[in-house]
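K.L.:
The C-terminal residue of the sequence shown carries number 1018 in this note's numbering, and the numbering is unbroken. Glycine included, each C-beta is placed from N, C-alpha and C at the ideal position. In this text the structure is predicted, and so the values were computed from the model without any measurement. The structure's right below; bear with me while I get my questions together.
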Amino acid sequence: MVTIATTPEPQGETRVAISPETARKLVALGCRVRVASGSGRLSRYGDEAYSAAGATITETPAQALNGADILLKVRRPLLDEVKQLQTGAMIMAMLAPYDDRTTLDQLAAVGPSLFSMEFMPRITRAQSMDVLSSQANLTGYKAVVDAASLFEQAVPMMMTAAGTVPAARVFIMGVGVAGLQAIATARRLGAIVTATDVRPATKEQVASLGAKFIAVEDDEFKQAQTATGYAKPMSEAYQLKQAELVATHLQTQDIVITTALIPGRPAPRLISRQMVDEMKAGAVIIDLAAERGGNCELTQANKLLEHRGVRIYGPVNLACSVPVNASALYAKNLLTFIETMIDKKDKVLAVNWQDEIVTGTLVAKDGRIVHPNLMPKGA
640 MVTIATTPEP QGETRVAISP ETARKLVALG CRVRVASGSG RLSRYGDEAY
690 SAAGATITET PAQALNGADI LLKVRRPLLD EVKQLQTGAM IMAMLAPYDD
740 RTTLDQLAAV GPSLFSMEFM PRITRAQSMD VLSSQANLTG YKAVVDAASL
790 FEQAVPMMMT AAGTVPAARV FIMGVGVAGL QAIATARRLG AIVTATDVRP
840 ATKEQVASLG AKFIAVEDDE FKQAQTATGY AKPMSEAYQL KQAELVATHL
890 QTQDIVITTA LIPGRPAPRL ISRQMVDEMK AGAVIIDLAA ERGGNCELTQ
940 ANKLLEHRGV RIYGPVNLAC SVPVNASALY AKNLLTFIET MIDKKDKVLA
990 VNWQDEIVTG TLVAKDGRIV HPNLMPKGA
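What follows is the structure, encoded as structure tokens:
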């Protein structure tokens, strides 16, 4: 029987890696599920709900970890936690593989198979396992809601006997999953929405949501997307042309949401101090790339500041502010991933180490880092 465990996350992380729903389904697969007491408290999942789903509640994290085959986490587990697992155990989490390489190497050296869920391949079969997408959806939604609160004005146009309240103008910079959800949310609130991205495929997506696309559409723009769907770094010449267009557009905007990230790199700089200087007083910028340095020059991670009347907020891990939904989706991503690794007839682990979703997410095995993105160049 496969034993699957989870333990409380570090301070500041409100999500949990197993929900009562996924615990029930794991038990139905023939797994033994252990949840350390209090693990789901911040996601409003009480121990009683886990017990009702068939999970075993342990008094301490150590009891949950002892002899476990799989440890499910939201964030990186502690080194002490990993050492308590049985030899050859598997760990699935958002490992932030490009950050703090020393600690990642220490975790790998203990010997578990480390799976970084951020590396899930962007293929059709893996869509239901894509944690970045599931969390980014909520992030894009919450960014608009928070921005509307900070804006301190109405978002939709309102016709009243006393006069007309104009609709807010919302500009989304970066049209990935978070950006698309931000567009949809802003539109639902009644805003006039525009959006920009360097990837040509996003133009049609923006239009389909009722927003207007803003970009310099030259030959470089037409080639600005990798095979995996991410944006390519753009030339300095293109960045200058795009910056001029964006600077002019920003002057008329009320709310700006920036979401642009390139895996393993600092966040691209999209909004300069000078651009902010020329924005309207009362405008709001929500920078979802704050953790990677920010898309706005003035952004400070996890801080709300004001510059010449413009409010700039750089939230980190915004999905944590909607933990019930974020945990439910994340736990379902993990469940779907695990289902590919369990022999449903014999109720044992049966990992296909050649499967592209396994090779794509496997960061470390047998005491060493194995993912090509984390290997020295030329290795």
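Can you give the Cα-Cα distance for alanine 688 and leucine 711, rounded to whole angstroms?
P.N.:
For the purposes of this step, residue 688 is taken as the residue at position 49 of the sequence shown. For the purposes of this step, residue 711 is taken as the residue at position 72 of the sequence shown. When rounded, the distance between both Cα atoms is 18 Å.
K.L.:
Counting Cβ pairs, one atom from each stretch, are 3 or more of them under 8 Å apart for the segment 767-781 and the segment 744-753?
P.N.:
No, the segment 767-781 does not touch the segment 744-753.
K.L.:
Alpha carbon to alpha carbon, what distance is there between lysine 971 and methionine 640?
P.N.:
The residue you call residue 640 lines up with position 1 of the sequence shown. The residue you call residue 971 lines up with position 332 of the sequence shown. Looking at the two C-alpha atoms, the distance is approximately 21 Å.
K.L.:
Whole angstroms are fine: how far does the CA of glutamine 892 sit from the CA of isoleucine 1008?
P.N.:
Against the sequence shown, residue 1008 aligns to sequence position 369. Against the sequence shown, residue 892 aligns to sequence position 253. Isoleucine 1008 and glutamine 892: Cα-Cα distance of roughly 46 Å.
K.L.:
Identify, in the order they occur along the chain, each residue of the same chain with its Cβ nearer than 6 Å to the Cβ of aspartate 926, setting aside the five sequence neighbours on each side.
P.N.:
Walking along the sequence shown from the start, residue 926 turns up at place 287. If we look at aspartate 926 and ignore the five residues flanking it on each side, its Cβ neighbours are Thr897, Gly933, Asn934, Cys935, Thr938, Gly953.
K.L.:
Please state whether DSSP places arginine 654 in a helix, a strand or coil.
P.N.:
Sequence index remark: in the sequence shown, residue 654 carries index 15 (1-based). If DSSP states are grouped into helix, strand and coil, arginine 654 belongs with coil.
K.L.:
Is the segment 713-726 touching the segment 676-691, taking contact as three or more C-beta pairs under 8 Å?
P.N.:
Counting Cβ pairs under 8 Å, fewer than three are found: no touch.
K.L.:
What residue does the beta strand (DSSP E) around phenylalanine 754 start on, and which one ends it?
P.N.:
Counting from one through the sequence shown, the residue named residue 754 turns up at place 115. Counting along the chain, the beta strand (DSSP E) containing phenylalanine 754 begins and ends at 752-755.
K.L.:
Using only the alpha-carbon positions, how far apart do leucine 704 and arginine 673 sit?
P.N.:
As a first step, residue 704 is located in the sequence shown; it is residue number 65 there, counting from the start. As a first step, residue 673 is located in the sequence shown; it is residue number 34 there, counting from the start. Leucine 704 and arginine 673: Cα-Cα distance of roughly 8 Å.
K.L.:
Taking only runs of the alpha helix (DSSP H) that begin and end inside the segment 901-987, which ones reach a length of at least 4 residues, in chain order?
P.N.:
Complete alpha helix (DSSP H) runs here, min 4: 912-916, 962-978.
K.L.:
If we call anything under 7 Å between Cβ atoms a contact, is alanine 967 one with alanine 958?
P.N.:
Working through the sequence shown from its first residue, we reach residue 967 at position 328. Working through the sequence shown from its first residue, we reach residue 958 at position 319. Result no, Cβ atoms of alanine 967 and alanine 958 do not sit closer than 7 Å.
K.L.:
So leucine 734 is in the alpha helix (DSSP H); what residue range does that whole segment cover?
P.N.:
Translated into positions along the sequence shown, residue 734 becomes position 95. That residue, leucine 734, is in no alpha helix (DSSP H); it is neither H nor E in DSSP.
K.L.:
So, valine 814 versus threonine 778, is the Cβ gap smaller than 7 Å?
P.N.:
Taking the sequence shown and counting its residues from 1, one reaches residue 814 at position 175. Taking the sequence shown and counting its residues from 1, one reaches residue 778 at position 139. No, the pair does not count as a contact, with Cβ atoms beyond the cut-off.
K.L.:
Pairs of beta-carbons, one from the segment 808-825 and one from the segment 991-1003, closer than 8 Å: are there three or more?
P.N.:
The segment 808-825 vs the segment 991-1003: no contact.
K.L.:
By DSSP, does methionine 768 sit in helix, in strand, or in coil?
P.N.:
Sequence index remark: in the sequence shown, residue 768 carries index 129 (1-based). Helix, per DSSP.
K.L.:
Using the Cα positions of valine 832 and threonine 661, report the straight-line distance between them to the nearest angstrom.
P.N.:
For the purposes of this step, residue 832 is identified with residue 193 of the sequence shown, where counting begins at 1. For the purposes of this step, residue 661 is identified with residue 22 of the sequence shown, where counting begins at 1. Going from the Cα of valine 832 to the Cα of threonine 661 covers about 37 Å.
K.L.:
Work out the CA separation of methionine 756 and leucine 734 for me, nearest whole Å.
P.N.:
For the purposes of this step, residue 734 is identified with residue 95 of the sequence shown, where counting begins at 1. For the purposes of this step, residue 756 is identified with residue 117 of the sequence shown, where counting begins at 1. Going from the Cα of leucine 734 to the Cα of methionine 756 covers about 7 Å.
K.L.:
DSSP three-state label for threonine 799, please.
P.N.:
Start at 1 with the first residue of the sequence shown, and residue 799 comes out as number 160. In this structure, threonine 799 counts as strand in the three-state DSSP scheme.
K.L.:
Give me the Cβ distance between alanine 1021 and methionine 796, rounded to the nearest whole Å; I'm assuming they're in contact under 8 Å.
P.N.:
The chain is shown only over 640 to 1018; residue 1021 falls outside these bounds and no answer can be derived.
K.L.:
Tell me the rounded alpha-carbon separation between glutamate 945 and valine 923.
P.N.:
Position 306 of the sequence shown holds residue 945. Position 284 of the sequence shown holds residue 923. Their backbone Cα atoms lie some 9 Å apart in a straight line.
K.L.:
Step through the CB atoms of chain C and report whether any lies within less than 7 Å of the CB of aspartate 857.
P.N.:
Chain labels in this structure do not include chain C; a single protein chain is all it has.
K.L.:
Less than 7 Å between the C-beta atoms of valine 783 and alanine 821, yes or no?
P.N.:
Counted from its first residue, the sequence shown places residue 783 at position 144. Counted from its first residue, the sequence shown places residue 821 at position 182. Closer than 7 Å, so yes.
K.L.:
Who are phenylalanine 852's beta bridge partners in DSSP?
P.N.:
Within the sequence shown, numbered from 1, the residue matching residue 852 stands at position 213. Looking at the DSSP assignment, phenylalanine 852 forms a beta bridge with Ala834.
K.L.:
Less than 7 Å between the C-beta atoms of phenylalanine 790 and isoleucine 910, yes or no?
P.N.:
The residue given as residue 790 occupies position 151 in the sequence shown. The residue given as residue 910 occupies position 271 in the sequence shown. Going by C-beta atoms, phenylalanine 790 is not nearer than 7 Å to isoleucine 910.
K.L.:
Can you check whether the CB of alanine 675 is closer than 7 Å to the CB of valine 713?
P.N.:
Within the sequence shown, residue 713 is the residue found at index 74, counting from 1. Within the sequence shown, residue 675 is the residue found at index 36, counting from 1. Cβ atoms of valine 713 and alanine 675: not closer than 7 Å.
K.L.:
Using three-state DSSP, classify valine 672 as helix, strand or coil.
P.N.:
For the purposes of this step, residue 672 is taken as the residue at position 33 of the sequence shown. Strand at valine 672.
K.L.:
What number of angstroms, rounded off, separates the C-alpha of aspartate 651 from the C-alpha of aspartate 858?
P.N.:
Residue 651 sits at position 12 when you count from the first residue of the sequence shown. Residue 858 sits at position 219 when you count from the first residue of the sequence shown. Aspartate is not the amino acid found at residue 651; the sequence shown has glycine there. Rounded to the nearest angstrom, the two C-alpha atoms are 44 Å apart.
K.L.:
How long is the line joining the alpha carbons of alanine 786 and serine 682, rounded to whole angstroms?
P.N.:
Locating residue 786 in the sequence shown gives position 147, where the first residue counts as 1. Locating residue 682 in the sequence shown gives position 43, where the first residue counts as 1. Roughly 23 Å separates the two Cα atoms.
K.L.:
What residue from Arg947, Ile901, Pro751 has the CA that sits closest to alanine 928's CA?
P.N.:
Translated into positions along the sequence shown, residue 928 becomes position 289. Nearest C-alpha to alanine 928: Ile901.
K.L.:
Between Arg947, Arg912, Arg671, Arg908, which lies nearest to glycine 920 when the distance is taken from Cα to Cα?
P.N.:
The count along the sequence shown starts at 1 and reaches residue 920 at position 281. The sequence given here places alanine at residue 920; glycine does not occur at that position. The option with the nearest alpha carbon to alanine 920 is Arg947.
K.L.:
Secondary structure at leucine 819, three-state DSSP: helix, strand or coil?
P.N.:
Residue numbering aside, residue 819 sits at position 180 when the sequence shown is read from its first letter. Correct three-state label for leucine 819: helix.
K.L.:
For leucine 1072, count neighbouring Cβ atoms within 10 angstroms of its own Cβ and tell me buried if that reaches 16, exposed if not.
P.N.:
The requested residue 1072 is not part of the displayed model; the chain covers only 640 to 1018.
K.L.:
Look up arginine 714 in the DSSP assignment and say whether it is helix, strand or coil.
P.N.:
Here residue 714 corresponds to residue number 75 of the sequence shown, with the count starting at 1. Arginine 714 falls in the coil class under three-state DSSP.
K.L.:
Along the chain, where does the alpha helix (DSSP H) that runs through arginine 663 open and close?
P.N.:
On the sequence shown, residue 663 is found 24 positions in, with the first residue counted as 1. Arginine 663 -> alpha helix (DSSP H) spans 659-667.
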